[in-house]
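Numbering (our numbering), first residue to last: 5 to 234.
Everything below concerns the one structure shown next.
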Ligand code: DC
């Protein structure tokens, strides 16, 4: 059967990666989490002192971009790929609030986006891919056969992220997480470079009151119908 490209965009903590992983597994497709790539560049920038709560030195970050090597390595045990920065597994570190609170700033830098978008386009050349992010249907794969735009209320999303962080043992408050969700929504949708937008040909999917099983079944059926039509 002909393979398609599935682009999943939407606000932070809408469960994009959960549904993307499930769809990739069910269809035998590759899954790519582009947020992890922006997080990896952000971690590099924090470590080098290029960004912090109070300062930004984007010129130095841009100059250092050729030194940033990113790759996904499949972890057989976990059943998904993990993000590596210059050969170091940084999968855990990129999910901390310290990285979340800086990532939208870094993701707004044009040169960072150019580098990562080029990598993402190359990964999807053969189709048979599910990619999630903010600009997948609009910039990375404007011709994707199946585009989804995920939404849920900020409170629902903050609750999900808060629980995830607590489960991992992070010391955070709900208010901090909600503030981060709202601030990332704002920066991601109002930035000059490839803002998060609802493409005309994307289906909007609000999962505030939807369970994971129902969500998967709906999306899977949708994908199968599109694949059959190819
Ligand atoms: O999906 P996520 O929360 O891990 O993404 C982290 C940040 O990276 C998000 O706040 C915006 C940015 N991002 C982006 O600008 N474009 C993408 N394709 C993916 C993520």
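Backbone N, C-alpha and C fix where the C-beta goes; we use that ideal spot for every residue, glycine too.
### Status (buried if at least 16 other CB within 10 Å, exposed otherwise) for residue 5
With fewer than 16 Cβ atoms within 10 Å of its Cβ, residue 5 is classed as exposed.
### Task
Using 10 angstroms around the beta-carbon of residue 194, count the other beta-carbons present and answer buried if the total reaches 16, otherwise exposed.
Answer is exposed; the Cβ neighbour count stays below 16.
### Task
Using beta-carbon positions only, say whether residue 135 and residue 22 come within less than 8 Å of one another.
The beta carbons of residue 135 and residue 22 sit no closer together than 8 Å.
### Task
Would you check if the region 57-65 and the region 108-124 touch, i.e. whether three or more CB-CB distances between them fall below 8 Å?
Using a Cβ-Cβ distance cut-off of 8 Å, the region 108-124 and the region 57-65 are in contact, since at least three pairs of beta carbons, one from each stretch, lie closer than that value.
### Query
How would you write the range of the alpha helix (DSSP H) that residue 104 sits in, first residue to last?
Here the alpha helix (DSSP H) through residue 104 covers 101-111.
### Query
Between residue 172 and the rest of its own chain, which residues show a CB-CB distance below 7 Å, the 5 nearest in sequence each way excluded?
So the list is empty, once near-sequence residues are dropped.
### Task
List in chain order: all unbroken alpha helix (DSSP H) runs of 4+ residues lying wholly within the region 21-81.
For the region 21-81, whole alpha helix (DSSP H) runs of length 4 or above, ordered along the chain, are 38-51 and 62-68.
### Message
When you compare the CB positions of residue 141 and residue 13, do they come within less than 8 Å of one another, or not?
### Response
Taking 8 Å as the Cβ cut-off, residue 141 and residue 13 qualify as a contacting pair.
### Query
Under 8 Å between the Cβ atoms of residue 154 and residue 209?
Yes, these two residues count as a Cβ contact at 8 Å.
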